[in-house]
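To keep things clear, I will list the structure first and then write my remarks on it.
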Amino acid sequence: MKLIFEMGAPGRGCDLIPPCTTPEVTVNVPMRKKALHLPEVSETELSRHYTDLAKQTHGVNDGFYPLGSCTMKYNPKINDAASLLPGFTNIHPLQDTRDVQGCLEVLSSIEKALCEITGMQACTLQPAAGAHGEFTGLLLIKAWHESRGDSKRTKIIVPDSAHGTNPASAAMANFDVVNIASDEHGCVDLEALKAAVGDDTAGLMLTNPNTVGLFDPNIAEITRIVHEAGGLCYYDGANLNAVMGVTRPGDMGFDVMHLNLHKTFSTPHGGGGPGSGPVACKDFLAQFLPGLRINEQADGSFTEETAAYTIGNVRSFSSNFLVVVRAFCYILTLGREGIPEAATTAVLNANYMMHKLAGHYKMAYDHTCMHEFVMTLEQEKHQRNVSALDIAKELLDHGIHPPTMYFPLIVHEALMIEPTETESRETLDEAVQIFLDVLAESEAHPEKMHEYPFKTPVRRLDEVGAARKPVVRYLYSNE
Amino acid sequence: MKLIFEMGAPGRGCDLIPPCTTPEVTVNVPMRKKALHLPEVSETELSRHYTDLAKQTHGVNDGFYPLGSCTMKYNPKINDAASLLPGFTNIHPLQDTRDVQGCLEVLSSIEKALCEITGMQACTLQPAAGAHGEFTGLLLIKAWHESRGDSKRTKIIVPDSAHGTNPASAAMANFDVVNIASDEHGCVDLEALKAAVGDDTAGLMLTNPNTVGLFDPNIAEITRIVHEAGGLCYYDGANLNAVMGVTRPGDMGFDVMHLNLHKTFSTPHGGGGPGSGPVACKDFLAQFLPGLRINEQADGSFTEETAAYTIGNVRSFSSNFLVVVRAFCYILTLGREGIPEAATTAVLNANYMMHKLAGHYKMAYDHTCMHEFVMTLEQEKHQRNVSALDIAKELLDHGIHPPTMYFPLIVHEALMIEPTETESRETLDEAVQIFLDVLAESEAHPEKMHEYPFKTPVRRLDEVGAARKPVVRYLYSNE
Amino acid sequence: MGSYIPSTREERLSMLESIGMHSFDELYADIPEDLRLKDGLSLPSGLSELEVARKIEEISGKNTRFPHIFRGAGSYHHYIPAIVKQVTSKEEFVTAYTPYQAEISQGLLQSIFEYQTMICELTGMDVSNASVYDGATAAAEAAAMCRDRKRGTICVSASVDPRTLSVIRTYCFGSGAPLVILPEKDGLTDIDSWNAMDTSSIACLIIQTPNYHGLIEDGASIANAVHNSGARLIASCNPIALSLLETPGEFGADVAVGEGQPLGLPMGFGGPYLGFMASTKDMMRKLPGRIVGQTTDVDGKRAYVLTLQAREQHIRREKASSNICSNEALCAMTAAVYLSAMGSAGLEKVAASCMANARYLLEQLTALGFTRKYTGEFFHEFVTICPCDAAVLSEKLAAHGYLSGLVTGQSEMLWCTTEMNTKSEIDGLIAVIKEVLA
Amino acid sequence: MGSYIPSTREERLSMLESIGMHSFDELYADIPEDLRLKDGLSLPSGLSELEVARKIEEISGKNTRFPHIFRGAGSYHHYIPAIVKQVTSKEEFVTAYTPYQAEISQGLLQSIFEYQTMICELTGMDVSNASVYDGATAAAEAAAMCRDRKRGTICVSASVDPRTLSVIRTYCFGSGAPLVILPEKDGLTDIDSWNAMDTSSIACLIIQTPNYHGLIEDGASIANAVHNSGARLIASCNPIALSLLETPGEFGADVAVGEGQPLGLPMGFGGPYLGFMASTKDMMRKLPGRIVGQTTDVDGKRAYVLTLQAREQHIRREKASSNICSNEALCAMTAAVYLSAMGSAGLEKVAASCMANARYLLEQLTALGFTRKYTGEFFHEFVTICPCDAAVLSEKLAAHGYLSGLVTGQSEMLWCTTEMNTKSEIDGLIAVIKEVLA
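Protein chains in written order, with the numbering used here: chain R, 28 to 506; chain Y, 28 to 506; chain Z, 2 to 439; chain W, 2 to 439.
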């Protein structure tokens with residue numbers, strides 16, 4: 028497949044912009060010396076190029092997408108339509124408050140809804156992604172300790188099953204990361220936690236349900252231990268889809284958390300973003316929130332103000348607003364009954380699949396799961412040299428997006444499956460059959476497993492070579 | 028691939044409509060007895076179903092589409108965007124003239140532009156497709172003869188190279204069709220024409236450039252002969268893309284014609300429609316035009332009135348309006364210079380391809396062509412039993428939409444190629460190479476040619492069986 | 002100047018050279034000199050995309066978009082689900098031609114096969130075609146299906162939409178078919194008049210139900226009378242109403258037609274719309290237009306193809322069942338997506354809302370002194386005699402953002418409600434009318 | 002209530018049974034009873050799609066859409082070609098996740114590789130990442146790239162956008178990096194102050210050009226001074242201006258960043274936007290976020306893959322170059338489609354129009370008694386001292402449909418023009434201002 032730079036010809040292009048209607052000018056500053064070299068293509072070529080690229084891209088509508096921890100649910104079309112309304116897209120972020128009452132209503136309404144869903148009391152929509160939310164949340168924790176003059180709290184406790192973003196966010200916030208091992212159930216080892224906390228504990232970061240798909244039954248005890256040590260509890264909302272409307276992080280004792288609107292609230296992920304990672308927190312942290320706080324007045328109008336001890340801004344403007352609009356529509360659609368129903372069904376679907384696969388695939392934890400479950404291919408790897416990767420790559424040939432591979436790190440040869448609630452029973456049944464067929468194939472022809480996939484636009488890639496001699500841009504042949 | 032009726036389950040569906048806010052009612056009339064059986068599918072299933080169907084559909088963006096006589100040019104995206112403006116989509120067709128001034132401006136403007144392009148003096152946008160336009164145009168001819176009390180003119184002359192719609196339209200207008208043979212160049216045989224005309228001649232229907240891709244050099248003589256006999260001349264605008272801005276049907280002596288906006292003016296064809304087939308005519312026929320005539324007033328406003336001797340309506344409302352909006356944008360974009368440039372390039376591209384294929388494929392007519400040209404596979408059929416269909420079916424495996432097959436009827440084993448102006452030289456070169464490769468394959472392995480295609484979602488179909496035992500709807504298994 | 006030509010002028014000159022020509026004019030050597038356009042087109046120069054976008058948006062802004070719509074009369078304001086718009090804007094569906102090459106058109110073909118099935122389900126008929134231009138042309142084409150040498154006259158009930166009648170009349174002008182109008186009585190087809198007529202040369206009767214006045218015709222009695230005369234019955238139906246009311250198949254129509262616009266198509270100032278057509282099995286081969294049939298490929302795989310093409314113009318030419326070539330395929334797909342999204346329950350809910358809202362509106366209007374012109378049962382449209390000048394009322398309502406019922410006489414108005422109207426919206430309308438009457 | 006769950010309650014009950022459970026509650030057995038939400042969420046019940054569509058449209062209608070926009074200051078009103086919107090709304094691109102599975106993600110990966118190439122072309126730098134959240138976070142991430150044990154202080158020019166500064170400040174609060182502000186002189190970075198400072202612990206200087214006041218900084222001199230001090234230069238640039246002005250690569254920046262919103266993204270009340278980041282080759286492994294590299298598959302076919310992942314959080318955890326995971330991939334693709342549609346000539350035309358319109362506006366304002374606050378050369382923004390209260394002027398212009406320049410002081414306004422403004426529109430604005438001043 029050609030790169031767009033290998034298409035077109037000098038002088039080709041699209042006629043998009045009219046001649047300027049004001050007199051031409053020159054500026055007396057250094058101009059670029061090297062001529063700008065962008066594609067020179069007609070609209071036909073451009074349009075066909077991206078049609079070709081789209082055909083080589085697997086989206087949610089192209090098949091089952093059980094990518095664990097990513098909550099790849101169906102993306103409702105009405106939400107996209109709402110985000111394209113000119114009354115949203117054509118609004119400058121620095122218009123007067125009076126002229127953006129609609130935008131503020133969206134933000135205020137969803138903040139309130141997210142607080143209710145999480146059991147928190149305040150919320151900011153400024154963070155642009157989950158990791159961005161984590162960083163923001165940690166800054167709130169930092170600001171709180173500082174506000175109390177408690178400068179010795181330099182450590183963030185993170186279980187070894189955590190998403191990589193947790194320790195990385197802690198590091199960005201200049202905390203030392205204390206990793207604690209999980210117990211044999213993949214949950215927090217209370218003794219290890221007790222041993223880890225102390226007066227240097229700034230906080231704990233935890234996902235619950237955790238990354239092995241289990242709800243930690245000791246959760247209240249965990250947050251109590253941290254609080255007693257003077258630390259705060261951060262909830263990684265990546266797995267909220269399992270429990271929304273059923274239980275609330277705020278009620279579990281968490282002080283601050285982020286949500287991934289592009290997971291839990293069905294906004295599409297755009298091949299890697301834009302996402303949206305709102306942060307919700309308890310009242311005592313609200314004074315530190317970034318961006319502008321929105322207040323609804325008695326007359327129904329909205330005003331904006333800066334929080335008293337705000338950490339500042341974590342991006343330029345209010346939020347990934349057009350993403351937020353989508354999530355807002357989703358919440359309006361599901362409402363009080365639909366939200367827990369979605370969660371329950373996500374959990375049901377996961378258990379249904381797990382039940383049908385157990386006995387064939389080895390489950391990392393043999394226990395009722397939440398919205399996802401983890402299998403281990405350790406035995407296959409050991410006995411037949413068939414890895415989780417091999418299984419995943421054969422799945423590609425069956426039109427299924429593979430589960431998340433090699434995560435969490437505490438499970439060897441892990442495949443993490445999250446079906447989500449928007450898949451039908453038939454899809455789950457078909458997928459189960461494919462998983463079983465693939466396993467049978469791996470038993471019958473283990474050597475062939477390293478060859479998969481065969482049917483995809485390209486086959487297995489030389490990733491090592493790509494990293495060793497990075498080619499990260501196209502070079503024009505005449506350069 | 029499943030039918031949508033084979034998906035879903037009882038009780039599934041989408042939540043689209045709120046409960047009614049007014050009191051429930053019953054009506055005292057017979058209600059349907061057999062329960063309505065529509066699909067019961069969730070939005071996930073519905074959305075994925077049509078994604079699957081789209082993957083099995085070849086559009087203009089999926090590759091070269093040289094379908095002769097169909098002018099499959101690129102469909103500009105701005106035109107689609109314009110047709111989605113709520114100021115057009117949300118207008119009721121029976122709003123007061125005062126409230127639809129924008130729609131009337133579109134219609135009036137494009138009528139004027141089409142008159143200028145065709146050399147005609149009046150235009151109606153009511154016909155919904157080319158064939159609909161033909162029927163409308165013939166009714167104008169009929170009305171004109173009748174208005175003069177000339178009731179003996181019952182015959183329409185149609186060359187044997189004509190599109191099938193021409194004789195069919197004539198029949199719908201209750202004319203007798205007189206077919207005349209083409210001369211050895213595929214053009215009108217003047218002697219045959221002279222022999223055919225008489226005081227029973229209502230008119231002549233002609234495509235020029237004709238369906239073998241040639242401009243009839245005797246065109247002025249042809250229209251003169253018909254006029255002298257008291258008949259009128261109808262121009263089938265299917266091939267206007269070759270000559271727009273270069274020469275005009277009105278100047279050639281035609282009295283009435285249709286245009287295909289979905290061919291010449293780049294509105295997409297929608298897999299078979301909606302199209303738009305405006306009819307343009309000389310002044311003396313304007314009094315018979317259907318629908319409402321739009322008049323621009325001195326103050327720039329628009330009024331509507333019925334033509335004095337209108338034939339009535341050929342459909343309910345003004346036009347396939349949202350299609351017309353697209354064509355209007357296209358004309359605004361191209362303008363006075365762009366229109367002939369498009370025509371010239373279409374002709375150039377056709378000649379370029381013809382030139383490169385000649386010497387390998389046999390051209391039906393060895394002459395500079397207009398926007399399309401016809402090849403004959405007669406020799407291959409005769410010598411190796413490889414038909415035009417076989418060649419076409421192998422092209423499918425190369426991602427090319429085959430040329431029009433077996434048309435015009437006067438050329439045996441015809442393949443008619445129309446590249447259009449929106450294809451790049453590279454695309455033409457690649458297509459030529461593929462055509463040559465296919466021909467080489469047909470020489471090397473003639474027997475294999477009947478097997479193609481191999482790579483398409485389905486292979487050759489049993490069309491005879493389909494027609495013999497028609498299955499034209501799905502039957503639920505329980506019915 | 003805008004252009005969608007990929008090749009530059011230089012490239013084109015080089016291509017020209019490669020075929021042995023030296024000027025673009027040479028390409029047109031066959032066109033007699035005196036027929037060439039000397040001074041070019043008298044049109045404005047082309048525009049950039051930004052200019053076109055601005056101009057068209059400005060023009061669209063000259064129309065009045067009514068927030069409150071109480072008008073129908075052939076074009077109906079229904080909710081169009083987001084999924085319908087999204088699916089039908091897919092590039093493959095939008096840009097493809099008629100699916101002549103079945104192997105690379107299975108998506109389109111299957112979608113039409115599914116459409117045909119849904120139309121059969123809706124109408125209760127055996128066979129559907131793949132669409133014609135609109136409801137009116139569907140009625141006219143259906144009339145042509147029924148004619149033969151013995152019976153050549155077309156009879157249309159007076160209660161049919163006048164625009165449909167106008168189109169039938171035009172088609173009859175073409176075919177030379179005599180046209181007679183069957184009178185109405187209290188807004189309904191007067192079947193007694195039919196029984197009193199000499200119907201020996203009448204090919205068919207065309208009725209509409211709910212008819213132009215919104216009234217539901219007595220399909221079964223009409224079918225009985227028509228069939229007793231040896232003629233055929235063509236019923237034009239509202240597809241939303243078909244989810245609840247007796248179907249043409251059930252009351253005995255030979256051909257069912259109708260305007261498919263309510264099934265997910267915008268009002269769009271009148272088009273593109275969708276004419277649906279379905280018939281009994283024995284009339285299948287007389288149906289005009291495309292029909293998709295199921296078959297198998299050489300490997301035995303289920304597949305779809307345009308079938309029964311021997312009826313069509315490109316094969317039969319002047320002997321074809323119709324001249325139709327382009328139809329409204331994308332509109333047909335739109336209807337199919339709409340019906341699939343709604344499902345039976347959804348469509349019934351839409352229909353029930355239409356009816357309930359209409360009765361509530363009628364009740365409120367009645368309280369203000371409006372009276373019904375006709376007494377029969379209706380679906381979602383009804384005619385009132387207004388206690389004022391109808392045109393004046395309409396204009397005053399327009400000034401308040403209400404598109405009133407259609408003015409059909411000095412004091413007559415044809416009102417319509419759909420599921421888009423709400424009780425509070427109707428109450429708002431009534432409040433304005435009260436003000437106007439005061 | 003709306004729902005996107007395919008399975009019905011009956012189906013779910015049967016699935017539940019098949020796994021040996023009898024109530025949905027059993028699924029949640031691990032959740033302690035006292036943590037369960039007893040009375041459900043205190044939220045309104047769910048709505049049907051029609052209700053949601055109505056509500057959201059109504060809310061969007063509460064915003065004021067200005068037909069005439071003369072405000073920039075970090076968000077710019079440019080033309081977005083139709084092809085850009087069409088391409089970036091393709092379902093595959095919109096709904097896919099990060100391309101972890103390269104074999105079925107070549108389309109996305111190639112599009113990002115193309116984006117990276119275009120950003121390198123625009124900035125004149127060697128390497129680009131696949132985007133970060135916005136221009137401000139890009140600047141903050143770039144600062145983090147430059148820090149090491151010896152040099153930990155971040156220096157930001159006072160002429161940088163205050164919102165960018167605020168974000169850098171917040172990130173510095175996190176990392177504990179000291180932050181110093183380099184003063185400005187006549188609206189430009191005061192490089193003399195830099196030379197007078199103790200820069201031994203300064204990791205980098207962050208400038209913006211054109212800067213917040215619209216002025217074009219002297220990149221080469223600044224780079225020279227910064228490099229002489231052993232620090233690095235981070236330049237935040239306007240991507241449209243880069244088509245004409247000296248590039249950061251040319252004037253010697255180590256990292257180039259910027260807000261990509263002008264490249265085909267709507268203003269959208271502030272997001273989603275696009276932070277672009279490009280660096281010299283030697284800083285490549287310090288870049289945060291995704292990078293796509295070219296490679297081959299086992300058959301030797303050219304292909305693309307996420308590369309240099311050893312930098313990233315999911316591998317290196319607390320030692321990663323950044324915590325970024327989700328970026329703004331679809332926005333990056335949008336920029337690539339925009340740049341491909343525009344081409345070099347188109348982008349230069351946009352930039353030239355921006356500049357010409359700004360100068361014409363300045364000229365007209367000057368004639369009305371407005372004066373420039375700074376004297377330097379500018380791109381498409383400039384600050385005026387108004388002959389009146391700026392806030393009052395802004396409010397009056399708003400009433401006439403004009404979004405004025407941004408009020409930056411009692412009598413100060415930061416104006417902006419783009420190719421979307423026309424001479425006649427500017428004349429219209431001036432006429433209103435005249436009226437206001439009169």
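Every residue, glycine too, gets a C-beta built ideally from N, C-alpha and C. Quick caveat: nothing in here was measured; it's all calculated off a predicted structure.
For chain R, the residues of the region 70 to 102 of chain Y that bring a beta carbon within less than 7 Å of one of its beta carbons are 70, 71, 72, 74, 75, 78, 88, 89, 101, in chain order. Your pair residue 160/R and residue 306/R checks out as a contact, with CB atoms roughly 5 Å apart and the cut at 8 Å. Under the three-pair Cβ rule at 8 Å, the region 278 to 292 of chain Y counts as touching the region 157 to 174 of chain Y.
Residue 277/Z sits in a strand when the DSSP states are folded into three classes. Nearest neighbour of residue 213/W by Cα position, chosen from 426/W, 186/W, 148/W, 159/W, turns out to be 159/W. Between residue 108/Y and the set 342/Y, 294/Y, 185/Y, the nearest pair of CA atoms involves 294/Y.
Around the beta carbon of residue 481/Y, fewer than 16 other beta carbons sit within 10 angstroms, so the residue counts as exposed.
Per the DSSP secondary-structure output, residue 259/W pairs in a beta bridge with 238/W, 277/W. Ranked by Cα distance from residue 341/R, the options 402/W, 173/W, 89/W, 80/W are led by 173/W.
Residue 241/W places its beta carbon 9 Å or farther from that of residue 275/W.
Residue 276/R and residue 147/R have their C-alpha atoms roughly 8 Å apart. A direct Cα-Cα distance of roughly 25 Å separates residue 102/Z from residue 410/Y. When DSSP states are grouped into helix, strand and coil, residue 428/Z belongs to the helix group. Within chain Y, the residues whose beta carbon sits less than 7 Å from that of residue 449/R are 71, listed in sequence order. In the pairwise beta carbon analysis, the region 193 to 204 of chain Z is classified as not touching the region 360 to 377 of chain Y: fewer than three pairs are separated by under 8 Å.
Under the 9 Å criterion on CB atoms, residue 156/W is classed as non-interfacial with respect to chain R. 379/W is the residue among 379/W, 133/W, 345/W whose C-alpha sits nearest the C-alpha of residue 415/W. Interface criterion not met: the Cβ of residue 439/R is under 9 Å from no Cβ in chain W. Comparing alpha carbon positions, the residue from 4/W, 17/W, 82/W, 2/W closest to residue 452/R is 17/W.
Between the region 410 to 427 of chain Y and the region 83 to 94 of chain Y, the count of Cβ pairs shorter than 8 Å is three or higher; the stretches touch.
Residue nearest to residue 326/W within the set 30/W, 57/W, 84/W, 99/W is 99/W (criterion: CA-CA distance). The straight-line gap separating the alpha-carbon atoms of residue 301/R and residue 138/Y is approximately 45 Å.
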